[in-house]
Structure formats: structure tokens, C-alpha cells
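Here the structure is laid out as C-alpha cells; the discussion comes afterwards.
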């Protein structure tokens, strides 16, 4: 089998996920988890402020 055909089959198998155990995804770092947590907290504050405004109340300080 020519090398190009072998490589094409290998790429197709990889794209189908047959080598998924060989592809190891790194665990999220503490920094990215902390950043995601702070973004989510800000989102919750903004959403509660929007709910307060739509209900006719003054939003609390962010």
C-alpha cells in the first residue's frame, strides 16, 4: 500500500475518533477555572440587576 493511501486512512480513522484514547485533553488549569467562576458570578449579578429593573426596582450595586 502506498504511503499516501496509508496516511489518508490514518487521518480518516483519527477523524472518526477511533484513536480517541491516544488524544489526551489536558485538564483545565486553576487559572481558567477561577476566571470562568468570576465570569459566571458577574453574569449572575448582571442578570439579577436586569430582573430588578424589569420589576421596577433599583438594582443593587454591582
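Numbering (this note's numbering), first residue to last: -4 to 57. Note that CB positions come from ideal geometry on N, CA and C, so glycine has one too. The structure presented is a predicted model; accordingly, all values stated were derived computationally and were not measured.
- Annotation for residue 53: no residue places its beta carbon closer than 6 Å to its own, counting only its chain and skipping 5 residues before and after.
- Following the DSSP letters along the chain, one finds residue 24 in no alpha helix (DSSP H), marked with neither H nor E.
- Distance from the CA of residue 39 to the CA of residue 23, rounded to the nearest whole angstrom, comes to 22 Å.
- The DSSP-derived three-state label of residue 53 is coil.
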